[in-house]
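Notes follow the structure.
There are 2 protein chains.
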Amino acid sequence: MTTTLENRQFRLAARPVGMSQASDWQQTVETVRELADGDILVQTLYLSLDPAMRGWMNDAKSYIRPVAIGEVMRAGGVGVVLASRSAKFAVGEHVSGGLGVQQYWIGQAEDKAAAFYKIDPELAPLPTWLNTLGMPGMTAYFGLTEVGQPRAGETVVVSGAAGAVGQTVGQLARLLGCRAVGIAGGAAKCDFVVKELGFDACIDYKQASVRDGLKEHCPQGVDVYFDNVGGDILDTVLTRINRKARIVICGAISQYNNTSQVQGPANYLSLLVNRARMEGMVVFDYADRYPVAMAALGKWLQEGKIKSREDVVRGLENFPQALSMLFEGKNFGKLVLQLS
Amino acid sequence: MTTTLENRQFRLAARPVGMSQASDWQQTVETVRELADGDILVQTLYLSLDPAMRGWMNDAKSYIRPVAIGEVMRAGGVGVVLASRSAKFAVGEHVSGGLGVQQYWIGQAEDKAAAFYKIDPELAPLPTWLNTLGMPGMTAYFGLTEVGQPRAGETVVVSGAAGAVGQTVGQLARLLGCRAVGIAGGAAKCDFVVKELGFDACIDYKQASVRDGLKEHCPQGVDVYFDNVGGDILDTVLTRINRKARIVICGAISQYNNTSQVQGPANYLSLLVNRARMEGMVVFDYADRYPVAMAALGKWLQEGKIKSREDVVRGLENFPQALSMLFEGKNFGKLVLQLS
Numbered sequence: 001m002t003t004t005l006e007n008r009q010f011r012l013a014a015r016p017v018g019m020s021q022a023s024d025w026q027q028t029v030e031t032v033r034e035l036a037d038g039d040i041l042v043q044t045l046y047l048s049l050d051p052a053m054r055g056w057m058n059d060a061k062s063y064i065r066p067v068a069i070g071e072v073m074r075a076g077g078v079g080v081v082l083a084s085r086s087a088k089f090a091v092g093e094h095v096s097g098g099l100g101v102q103q104y105w106i107g108q109a110e111d112k113a114a115a116f117y118k119i120d121p122e123l124a125p126l127p128t129w130l131n132t133l134g135m136p137g138m139t140a141y142f143g144l145t146e147v148g149q150p151r152a153g154e155t156v157v158v159s160g161a162a163g164a165v166g167q168t169v170g171q172l173a174r175l176l177g178c179r180a181v182g183i184a185g186g187a188a189k190c191d192f193v194v195k196e197l198g199f200d201a202c203i204d205y206k207q208a209s210v211r212d213g214l215k216e217h218c219p220q221g222v223d224v225y226f227d228n229v230g231g232d233i234l235d236t237v238l239t240r241i242n243r244k245a246r247i248v249i250c251g252a253i254s255q256y257n258n259t260s261q262v263q264g265p266a267n268y269l270s271l272l273v274n275r276a277r278m279e280g281m282v283v284f285d286y287a288d289r290y291p292v293a294m295a296a297l298g299k300w301l302q303e304g305k306i307k308s309r310e311d312v313v314r315g316l317e318n319f320p321q322a323l324s325m326l327f328e329g330k331n332f333g334k335l336v337l338q339l340s
Numbered sequence: 001m002t003t004t005l006e007n008r009q010f011r012l013a014a015r016p017v018g019m020s021q022a023s024d025w026q027q028t029v030e031t032v033r034e035l036a037d038g039d040i041l042v043q044t045l046y047l048s049l050d051p052a053m054r055g056w057m058n059d060a061k062s063y064i065r066p067v068a069i070g071e072v073m074r075a076g077g078v079g080v081v082l083a084s085r086s087a088k089f090a091v092g093e094h095v096s097g098g099l100g101v102q103q104y105w106i107g108q109a110e111d112k113a114a115a116f117y118k119i120d121p122e123l124a125p126l127p128t129w130l131n132t133l134g135m136p137g138m139t140a141y142f143g144l145t146e147v148g149q150p151r152a153g154e155t156v157v158v159s160g161a162a163g164a165v166g167q168t169v170g171q172l173a174r175l176l177g178c179r180a181v182g183i184a185g186g187a188a189k190c191d192f193v194v195k196e197l198g199f200d201a202c203i204d205y206k207q208a209s210v211r212d213g214l215k216e217h218c219p220q221g222v223d224v225y226f227d228n229v230g231g232d233i234l235d236t237v238l239t240r241i242n243r244k245a246r247i248v249i250c251g252a253i254s255q256y257n258n259t260s261q262v263q264g265p266a267n268y269l270s271l272l273v274n275r276a277r278m279e280g281m282v283v284f285d286y287a288d289r290y291p292v293a294m295a296a297l298g299k300w301l302q303e304g305k306i307k308s309r310e311d312v313v314r315g316l317e318n319f320p321q322a323l324s325m326l327f328e329g330k331n332f333g334k335l336v337l338q339l340s
C-alpha cells in the first residue's frame, strides 16, 4: 500500500443484558497494514444486520462461537476488492462474506471464517446480495423446501413476513403452488406483503388477533409454519396446525432480548394431537448447495417472479441504533447498513 | 341369555378440574340385555389404566372425541367371550378392545370403537396383552422406530422408564444397538430398569439432578429422547441433545392435571441450535401394522429378550384411586385393574 488507510471498527465491549445499548460497543480506528502474500483488502460497501447477531453477543453455546469481548463484531457484508495478492480475487471485483462491522477487511483470501465469494453487481443490486441472494434468501429457500417441505395446495404461514427471510419464504411458497399467509406488524408491511409480494393474505398482529386472522385466512388450517419470531405468535399458530404439519424453527426474534427465561410454546402438545413436528434449521448446513438456490432465486428475481425489499440505513456510525431497529420491528424489509 | 347379569359401570359424572376425584364418577348398575344378531357379550378381566384417560375426560379437541358426561368411561381391556351371536368370536375366546370401565360389554362384534381382536393367553399372561403386546408396546415400538429413528450406537433417553411405554422403549433401544438411559422416580424403579430390564443407566429424578445425571450417563449427548412426561424434565433434556436429535412427544403426564397453562419447553430453541426436531405421535396411526409389532415383541418376550412388568390393582370399585396412582407416580410398571 502506498497510502495509509484508517479502518473504523465496532468491537464488542460488553455482553448485553436484554437489548444491546451504546455502551456494549467500542469504536476503534486501526491503520490498515501492508498486504502479505495471499491477502486481499476489501472495502465494505454494505453490511447485513440480522437478528442472529444478538445471539452472537451472548457467551453461550450455540451453532457458532460467540463474538469475543474486544473482537470486531461479526457481520456479513458485500464489498469491493481494493488490493489483492491472491489469484482468487482481482482488484475491482465484488465479494460477499464475513467482513465484520468495519470499513475494511484485510487477510487471507481463503480465510474460512470470512468465506468470501464473488458476486455479480449486474445481476442484482448489491443490497440484494445480502437479502434474496444472501443468507436470508438461502435460509428461506432451504428452510422452506428442506424442513417445511410444502406440497402444492397446502397453506404456508410465515411470521416476520416483510422481513428478510419472511418475504422470500412467502413468495417461494406461492411459486410452489401453496397458499401463503404472512404475519407482520403494521398496515404498511401487510399491504406490501400482499400487494407487492403477492401473498394471499397478511395478518397485522399489531391491529388484529392473530388467532382470528388465522381462522379467516387459513380456512384449511396451517400445514407449514415458518417461525421467525417465537413467543405468543408461535403459540397461537400451534392451535391452528393441521395433522402432520411442519413447523420450521428459524428464529425467535421476540425472545432474543429476554432477560428472564425464554417463553416456551405452551401449546406444544398440539404437536402430539396433530402428529406434527417442530424442527430447527441453521442455514450454514446447506452451504454446499447455496449455488443451486442462488441460481434459482437469481433467475426468479430477473424474471420478476420474486421481489426483494431492503431497508438501507447509511453510515457505519449508526450501527448500534440500526441494529436495535430489528428488535423494535422498525425495519421494513431486509435491514442493511450502507457505508459511506 | 337364560340368567340375568348385573353390569356394574363407572360413568363420567363431571369434567375434572385438575386431578380427578371421586365425585367425577357415577357408579351405575345395568342389567345385561339379550344378544341381538351379530352381538357378543364379553366379560372384562383386566382394564388398562393410562395417562391418556385424563385427557379423554376433558371437553377439548384432541386426537379422539372426549368421553361424554354420563357415558361409560372409555378404557381398553381384555376379556373373555361369554356369549356370541357372531361368527367372528366364539364363546371362551379371549379378546382385547375398548371394553370400558364396566364388568360386561355387549354389542356388535364388529363395533368400530371397541375394535376387538383375539388374543392368545398361552403366548403371554393376560395383563401383558395390555402392556408390551397392547397399546403401550405398540406406542413404544412405533414411536421409537418410526419417529425416534434410532441408529445403532446412538443414545436413547426415555422418561417414565419403569412405566408401560418407557420400559419397552428402553429395551427396544438396547435391542437396536443403542445406549438406553431411563429417567424414573425412586431407587426401586431405577434398580428395576437397570438390573431387570437391562438399561445402561437410570436417573432417579426424585433423588438427583436430571441435568447431572444426563451429563454422567450420556457422555456422548442425547440422540433420541422419548418423552412421556413433559415439564422440567423435557426442558432439561433439551439442553443435552445432539445435532439432529429427535424428540418423540408421546405424552406429558406432568401436565395433564394442570389447572393453569401447560408449561411449554423454554429451551425449545435448542432445536434450532442443534437442527433437531420434536415430533408428536399417536399410536392409532399405526394400527395397520400392529400385527408386525406384536409378532416381533411376542417373539422377544418368549425368548426373554424383553421383559414386561405390570402393576395389578384388584377390584372395579378401586378404579378412581387406581387411576390417580398414575399421576402420583405410584404405579410400578404398567397399571392394570383386575376385575374379580
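Here the protein sequences come in this chain order: R and C.
The opening position of the first sequence corresponds to residue 1 in full-length UniProt numbering, with each subsequent residue numbered one higher.
The opening position of the second sequence corresponds to residue 1 in full-length UniProt numbering, with each subsequent residue numbered one higher.
Idealized CB from N, CA, C, for every residue including glycine.
Contact belief for valine 181 of chain C with valine 169 of chain C at Cβ below 8 Å, rounded distance in angstroms: Position 181 of the second sequence, counted from the start, is the residue given in the question as residue 181 of chain C. Position 169 of the second sequence, counted from the start, is the residue given in the question as residue 169 of chain C. The Cβ separation is near 11 Å, so there is no contact.
Proximal residues of chain R, C-beta to C-beta of isoleucine 233 of chain C below 9 Å: Working through the second sequence from its first residue, we reach residue 233 of chain C at position 233. Those within 9 Å of isoleucine 233 of chain C in chain R number zero; the least Cβ separation is about 13 Å.
Contact list for glycine 166 of chain R against chain C, beta-carbon separation under 8 Å: The residue given as residue 166 of chain R occupies position 166 in the first sequence. Here the premise fails: no neighbours, minimum Cβ distance about 16 Å.
Where arginine 314 of chain R falls, given that 16 or more other Cβ within 10 Å makes a residue buried: Counting from one through the first sequence, the residue named residue 314 of chain R turns up at place 314. It is exposed - the Cβ of arginine 314 of chain R has fewer than 16 other Cβ atoms within 10 Å.
Any 3 or more C-beta pairs closer than 8 Å across the stretch 211 to 226 of chain C and the stretch 33 to 46 of chain C: no
Neighbour-count burial assignment, asparagine 318 of chain R, 16 or more Cβ in a 10 Å radius: Sequence index remark: in the first sequence, residue 318 of chain R carries index 318 (1-based). Its Cβ having fewer than 16 others within 10 Å, asparagine 318 of chain R is exposed.
Beta-carbon proximity of glutamine 9 of chain R to valine 95 of chain R, cut-off 8 Å: Within the first sequence, residue 9 of chain R is the residue found at index 9, counting from 1. Within the first sequence, residue 95 of chain R is the residue found at index 95, counting from 1. Contact flag unset, no.
Three-state secondary structure (DSSP) of tyrosine 141 of chain C: Walking along the second sequence from the start, residue 141 of chain C turns up at place 141. The answer is helix: DSSP assigns tyrosine 141 of chain C an H, G or I state.
Within-8 Å CB hit, glutamine 261 of chain C to chain R: One-based indexing of the second sequence puts residue 261 of chain C at position 261. Chain R places a beta carbon closer than 8 Å to that of glutamine 261 of chain C, counting this residue as a contact.
The stretch 270 to 277 of chain R touching the stretch 109 to 118 of chain R, judged by at least three CB pairs closer than 8 Å: No: fewer than three Cβ pairs fall under 8 Å.
Within chain C, partners of alanine 14 of chain R - CB distance below 8 Å: Residue numbering aside, residue 14 of chain R sits at position 14 when the first sequence is read from its first letter. Going along chain C, no residue has its Cβ under 8 Å from alanine 14 of chain R, so there is no contact; the nearest lies around 23 Å.
Whole-Å CB distance - leucine 214 of chain R paired with arginine 240 of chain R, under 8 Å assumed: Here residue 214 of chain R refers to the residue found at position 214 when the first sequence is read from its first residue. Here residue 240 of chain R refers to the residue found at position 240 when the first sequence is read from its first residue. About 5 Å; that satisfies the 8 Å criterion.
Unbroken alpha helix (DSSP H) run spanning valine 292 of chain R, endpoints: The residue you call residue 292 of chain R lines up with position 292 of the first sequence. Counting along the chain, valine 292 of chain R sits inside the alpha helix (DSSP H) bounded by residues 290 to 302.
Partner residues on chain C for leucine 272 of chain R, Cβ-Cβ distance less than 8 Å: By 1-based counting over the first sequence, the position of residue 272 of chain R is 272. Residues of chain C passing the Cβ test: Tyr63, Ile249, Cys250, Gly251, Ala252, Gly280, Met281 and Val282.
Leucine 238 of chain C and asparagine 267 of chain C closer than 8 Å at C-beta: Counted from its first residue, the second sequence places residue 238 of chain C at position 238. Counted from its first residue, the second sequence places residue 267 of chain C at position 267. Cβ distance < 8 Å, so leucine 238 of chain C and asparagine 267 of chain C count as in contact.
Contacts that glycine 264 of chain R makes with chain C (C-beta to C-beta distance below 8 Å): By 1-based counting over the first sequence, the position of residue 264 of chain R is 264. Per Cβ cutoff of 8 Å: Asp235, Gln263, Gly264, Pro265, Ala266, Asn267 and Tyr268.
8 Å Cβ shell around alanine 152 of chain C - same chain, five flanking residues per side excluded: Along the second sequence, one-based indexing puts residue 152 of chain C at 152. Result list for alanine 152 of chain C: Leu176, Gly177 and Cys178, in chain order.
Spatial neighbours of alanine 187 of chain R in its chain, beta-carbon cut-off 8 Å, leaving aside the 5 residues before and after: Taking the first residue of the first sequence as 1, we reach residue 187 of chain R at position 187. Asp204 and Gln207.
Within-8 Å CB hit, arginine 277 of chain R to chain C: Along the first sequence, one-based indexing puts residue 277 of chain R at 277. Cβ-Cβ to chain C under 8 Å: yes for arginine 277 of chain R.
At least three beta-carbon pairs within less than 8 Å, the stretch 102 to 109 of chain R to the stretch 130 to 145 of chain R: no
8 Å Cβ cutoff, aspartate 50 of chain C in contact with chain R: Numbered from its first residue, the second sequence carries residue 50 of chain C at position 50. Not one chain R Cβ lies under 8 Å of aspartate 50 of chain C.
Chain-order list of residues whose beta-carbon lies under 7 Å from that of methionine 73 of chain R (same chain, five-residue window excluded): Residue 73 of chain R sits at position 73 when you count from the first residue of the first sequence. Closer than 7 Å at the Cβ level, and outside the excluded window around methionine 73 of chain R, lie Phe10, Arg11, Leu12, Val67, Gly100 and Val101.
Length of the line joining the Cα atoms of proline 265 of chain R and glutamate 6 of chain C: Position 265 of the first sequence, counted from the start, is the residue given in the question as residue 265 of chain R. Position 6 of the second sequence, counted from the start, is the residue given in the question as residue 6 of chain C. Rounded to whole angstroms, proline 265 of chain R to glutamate 6 of chain C spans 48 Å at the Cα level.
Residue from C:Asp235, C:Val29, C:Glu122 and C:Gly160 with nearest C-alpha to methionine 278 of chain C: Indexing the second sequence from 1 puts residue 278 of chain C at position 278. It is C:Asp235.
For threonine 155 of chain C and glutamate 310 of chain C, the rounded distance between their alpha carbons: Working through the second sequence from its first residue, we reach residue 310 of chain C at position 310. Working through the second sequence from its first residue, we reach residue 155 of chain C at position 155. Rounded to the nearest angstrom, the two C-alpha atoms are 26 Å apart.
In DSSP terms, what serine 96 of chain C is bridged to: Start at 1 with the first residue of the second sequence, and residue 96 of chain C comes out as number 96. Per DSSP, C:Val78 and C:Tyr117.
Beta-bridge partners of asparagine 7 of chain C, as assigned by DSSP: One-based indexing of the second sequence puts residue 7 of chain C at position 7. Paired residues: C:Glu30.
contact_flag[the stretch 252 to 263 of chain R, the stretch 82 to 89 of chain R] where n(CB pairs < 8 Å) is 3 or more: no
Proximal chain R residues relative to aspartate 285 of chain C, where beta-carbon distance stays under 7 Å: Translated into positions along the second sequence, residue 285 of chain C becomes position 285. Going along chain R in sequence order, the residues near aspartate 285 of chain C (Cβ under 7 Å) are Arg275.
Selected residue, minimal CA-CA separation from valine 210 of chain R, among R:Ile233, R:Asp285 and R:Glu34: Position 210 of the first sequence, counted from the start, is the residue given in the question as residue 210 of chain R. Ranking R:Ile233, R:Asp285 and R:Glu34 by Cα distance to valine 210 of chain R puts R:Ile233 first.
Candidates C:Glu30, C:Gly107, C:Lys61 and C:Arg54, of which the one nearest glutamine 21 of chain C by Cα: Numbered from its first residue, the second sequence carries residue 21 of chain C at position 21. With distances taken between Cα atoms, glutamine 21 of chain C lies closest to C:Arg54.
Which residues DSSP lists as bridging methionine 278 of chain R, in chain order: Translated into positions along the first sequence, residue 278 of chain R becomes position 278. Beta-bridge pairing links methionine 278 of chain R to R:Ile247 and C:Met278.
C-beta atoms of leucine 133 of chain C and leucine 335 of chain C nearer than 8 Å: One-based indexing of the second sequence puts residue 133 of chain C at position 133. One-based indexing of the second sequence puts residue 335 of chain C at position 335. The answer is no: Cβ separation not under 8 Å.
Beta bridge counterpart(s) of phenylalanine 327 of chain R as assigned by DSSP: For the purposes of this step, residue 327 of chain R is identified with residue 327 of the first sequence, where counting begins at 1. Phenylalanine 327 of chain R is not bridged to any residue.
Chain-order list of residues whose beta-carbon lies under 8 Å from that of arginine 289 of chain C (same chain, five-residue window excluded): Looking up residue 289 of chain C in the second sequence gives position 289. Around arginine 289 of chain C: Phe142.
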